[in-house]
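Report on one structure; see the data block that follows.
Number of protein chains: 2
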Amino acid sequence: MSKRLGVLVVVLALVSSAAGSASKADEKPSELWLATASSLGQRALSDPAAFDFVRSLTTEIGQRLAGTAAHKRAVAWAEARLKAAGFENVHSEPFTFPAWIRGEEKAEIVAPIPQHLAITALGGSIATDANGIEAEIALFRTYDDLLAAAPGSLAGKIAIVTQRMVRAQDGSGYGAANPIRRSGPSEAAKRGAVAYLLRSLGTDSHRLPHTGALTYKDDAPRIPAASLAVPDAEQLERLAALGPVRIRLVLRPTVEENASSWNVVGELKGNERPDEIVLIGGHLDSWDLGTGATDDGAGTAIAFGAARLIGSLPQRPSRTIRVVLFGAEEMDFSGAAYAQAHQGEIGNIVVAAEADFGAGNVYSVQLPPGAAGSDFGRLLQRVIAPLGANVDSRPALFGGEDIRDLHRAGVPTSSLRQDGLDYFDTHHTADDTLDKIDPKRLEQAVAVWTAFTYLSATSGVDFRSLASTAK
Amino acid sequence: MSKRLGVLVVVLALVSSAAGSASKADEKPSELWLATASSLGQRALSDPAAFDFVRSLTTEIGQRLAGTAAHKRAVAWAEARLKAAGFENVHSEPFTFPAWIRGEEKAEIVAPIPQHLAITALGGSIATDANGIEAEIALFRTYDDLLAAAPGSLAGKIAIVTQRMVRAQDGSGYGAANPIRRSGPSEAAKRGAVAYLLRSLGTDSHRLPHTGALTYKDDAPRIPAASLAVPDAEQLERLAALGPVRIRLVLRPTVEENASSWNVVGELKGNERPDEIVLIGGHLDSWDLGTGATDDGAGTAIAFGAARLIGSLPQRPSRTIRVVLFGAEEMDFSGAAYAQAHQGEIGNIVVAAEADFGAGNVYSVQLPPGAAGSDFGRLLQRVIAPLGANVDSRPALFGGEDIRDLHRAGVPTSSLRQDGLDYFDTHHTADDTLDKIDPKRLEQAVAVWTAFTYLSATSGVDFRSLASTAK
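These protein sequences, in sequence, are chains W and X.
First residue of the first sequence: 1, per UniProt numbering; consecutive thereafter.
First residue of the second sequence: 1, per UniProt numbering; consecutive thereafter.
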């Protein structure tokens, strides 16, 4: 502890000296920014604030599904935390949405012999009746096999897709498999299925199924849908190879049509261009099975930790840094609510970025188009290379679910890519708990976020102009 | 497949040639045994029979808690398997015991804020009433801290011990922690506690609690007891550090006093000394949460696979090899039932060994006292060294729960020690499923078991005499 404090004192001294040297006429501003951003990055590597944030959130609040009393507690907790850390303009912006609340859920093999199955309902699934649905299964090893099934061919069946999700550092395995969960229920229903199960979109092999939202299509009946734990999906593959299998499925979720949620906001006001906004955030809501440590306690902690460090500088950056803790990401509502509420401000948002990919280290930063090779990109590269991260030559295409609508409205976005090799081991499961976070990797992520955020708010970079030049 | 068959043909030829050379007067018997045991061991390394056995058992039967219909199905399944594989004298030996059957089980933090807890009842725990027990917790970081608590000091409290279990290849971490589960409930009750929870005896960090049997003491009130998943135990440690915590616990198990179980037996009759018995086995019953793949489907598969390979030789070994698949190990009933039923046969059992430590490779074989340095020990070492295993210079102290009573009655026992570094990640949890078995490691274990069993049944070794010489 004393060692850590010692490091902090030295680093603070460096930061002060770097800031102090701003008055020297023989030094370029970019050299000052470089020194300050580098010092902040080093400081982040031993700053416990982000881990403390997610530890407190997951311990004192726990799960916080949007629409539940727990999420409301989380909102009050977050406001108090932001105020205590010195943020300005701390407030919560309300919106309403249809909240989906998990109920009883169970499944069992009825024939050839009784066996319990570990399942969990997909977010948005309709309920079965209290007795559930019992039917024979039709099992497909790939999603394309299901799509190739003829209309009506699944009449009266429970359709099951057991396609494996690929482990990939950049999350591309999840992206590729996502339609199996999102669209599978409606595709199965179009072919006559009465319910739908999929092998969890996860890279683990535990009896802990992965939840996640589905999207019913308008041209298909709505059928109940759930995920199987990976070992259970494999068990069904083996049993289905031996003969007919019957399953009973009970799902009893409910929906509250006009539930309340809030996007929680805190700011560091810019000292020269306060109307120009660098927006960073994560989402405060979580799924209900675990305590939302990596999804997305870690992301909120990263945004909080990065902004807090910048706020501790002797002098504020030129632009305003706005931290937004979104309030209903998992069911895709908070980003739209935020974009709608801030329509008039779109032009003022210099850049937006959301941390929503776990607690791993950042290995690559994707900037808006045209920025990677710019002075800004090179400056950022000099700061983050010693932290173990690169500026990616490819531009950011997706900054996060909650800033998708801002991006569509014209806001430049960045993507700070975290190592996700193990992220989908616990993503959306009961296993998403604090022990899955490595504090040192989290601190590295905060360091890169701090550098990116500080430079975006200080350097005067105009991402829109870089993008138009790049075209 | 054709490659595998090719290997089999070559190995069979070697085995036949080794057996054929028995008639050559210039060859010592031990050299023949060495050649045959080595060939059998090599053959085991590509023999799918053991994995097929455990795959079928866990897929077509699944969980098989003693006293349930599923276990009865497993007994019929096992008899049919043994007969189909050519075993003789296949039968099941019945016994009665008090069967403990899991019921509803749930726990939640009530205060400071509601949170779900992942728990599972300990085997043998009494039930709470339907509404459960709600009380403040008294949390101890080590078991000794609990033992140091004064009588009456836990009055009205739910006692919780969160001591960590150590990961160790030889299972010593489990041995050291075992009293926390076995004796903790009564020790807590003596001090006034109304219920007992422990951090799971496991080396994982998943939301899958580890069950296992408790042993109530006669001089303490019986209180309900359950295991917490590791992340939940850690959550309670963090919350307890912040202030009082209240929990509600509901456990609804039942007991069937005169339930039936069976020890399933199959033999390869010895061709010279059929009354002398080499007894190997595993236990067919499992806990109810997973499918009992590593505990102890793997053990039954190892014993089956080893004996089956020996049975495929052109000529039977001198002594009888008896495979016993015990029927109520998890609650400690089948070993006593077996020893009692076979009292008159104790002197005929040359050696007994049980495979009940997962599906890992065997790295060390502990023989009865005096045998490690004997001709038998050296012969075995020559066969298993190429397989990656050693004869341990230390004698076997514990051969397995089901042969403990045989050992007490004078039967020499051996312990074929499997690598258990990862065994307690899934032991006694819902995660004990087929995917946790690495077929190649299982095959290596079968190879060492085959060598040990063959040499014990062929060489005429007298372990009792070696033990008395060693004294």
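Positions of the beta carbon are idealized from the N, C-alpha and C atoms, including for glycine.
The stretch 249-257 of chain X and the stretch 104-123 of chain X touch, with no fewer than 3 CB-CB distances between them shorter than 8 Å. W/S46 places its beta carbon less than 9 Å from that of W/E443. For W/R238, the closest Cβ of chain X is nearer than 9 Å. What W/D431 touches in chain X, judged by beta-carbon distance under 7 Å, is H206 and R207, going in chain order.
Our two residues, W/G282 and X/G192, have alpha carbons roughly 46 Å apart in a direct line. Beta-carbon to beta-carbon, W/S260 and W/T96 are separated by about 6 Å, close enough to satisfy the 8 Å threshold.
For W/P244, the nearest beta carbon of chain X is not closer than 9 Å to its own beta carbon.
DSSP places X/F424 within a helical segment (H, G or I) once states are collapsed to three.
Shown in chain order are the members of the stretch 427-459 of chain X whose Cβ falls below 8 Å from a Cβ of chain W: T429, A430, D431, T433, L434, D435 and K436.
Spanning the alpha carbons of X/A35 and X/R222 requires a straight line of approximately 57 Å. Neighbourhood of W/E234 in chain X, by CB distance below 9 Å: T433, L434 and D435, in chain order. Closer than 9 Å to the CB of X/E105 there is not a single CB belonging to chain W.
In the structure shown, the three-state DSSP call for W/E136 is strand. Contact check for W/P224 against W/Y196 passes: the beta carbons are separated by less than 9 Å. At the C-beta level, W/L379 and W/S459 come within 9 Å of one another. Closest in alpha carbon position to W/V90, among W/G202, W/P274, W/V265 and W/D435, is W/V265.
Taking the Cβ atoms as the reference, X/R181 lies roughly 13 Å from X/T162, outside the contact range of under 8 Å.
Within the DSSP secondary-structure output, W/K106 pairs in a beta bridge with W/V250.
Those residues of the stretch 60-75 of chain X placed with their C-beta closer than 9 Å to a C-beta in chain W are E60, I61, G62, Q63, A69, A70 and R73, ordered along the chain.
The beta carbon of X/L146 is closer than 8 Å to those of F140, A159, V161, G184, E187, A188 and R191 in its chain, skipping five residues each way along the sequence.
Under the Cβ criterion (8 Å, minimum of three pairs), the stretch 342-352 of chain X does not count as touching the stretch 287-302 of chain X. For X/P114, no pairing in a beta bridge is given by DSSP. Within 9 Å of the CB of W/A78, no CB atom of chain X is found; the nearest one sits about 15 Å away.
At a beta-carbon threshold of 7 Å, none of the residues of chain X lie near W/A99; the nearest stands roughly 17 Å away. Counting only runs of 3+ residues, the beta strand (DSSP E) found wholly inside the stretch 186-231 of chain W occupies 195-199 and 225-228, in chain order. In this structure the stretch 370-377 of chain X does not lie against the stretch 306-326 of chain X, because fewer than three pairs of beta carbons, one per stretch, are closer than 8 Å.
Contact with chain X is found for W/I113, since one of that chain's Cβ atoms lies less than 9 Å from the residue's Cβ. W/A430 carries a coil assignment under DSSP once its states are collapsed to helix, strand and coil. Residues of chain X whose Cβ lies closer than 9 Å to the Cβ of W/A359 do not exist, since the nearest Cβ in that chain is about 14 Å away.
By the criterion of at least three beta-carbon pairs nearer than 8 Å, the stretch 448-463 of chain W is in contact with the stretch 40-59 of chain W. If you draw a straight line from the Cα of W/E31 to the Cα of W/D285, it comes to about 39 Å. P231, E234 and Q235: these are the residues of the stretch 215-235 of chain X whose beta carbon lies less than 7 Å from some beta carbon of chain W, given in chain order. As a beta-bridge residue in DSSP terms, X/Q366 pairs with X/S415. In the three-state reduction of the DSSP assignment, X/P386 falls in the helix class. Contact of W/A118 with chain X by beta-carbon distance below 9 Å involves A430.
Taking a 10 Å sphere around the C-beta of X/L416, we find 16 or more other C-beta atoms and assign the residue as buried.
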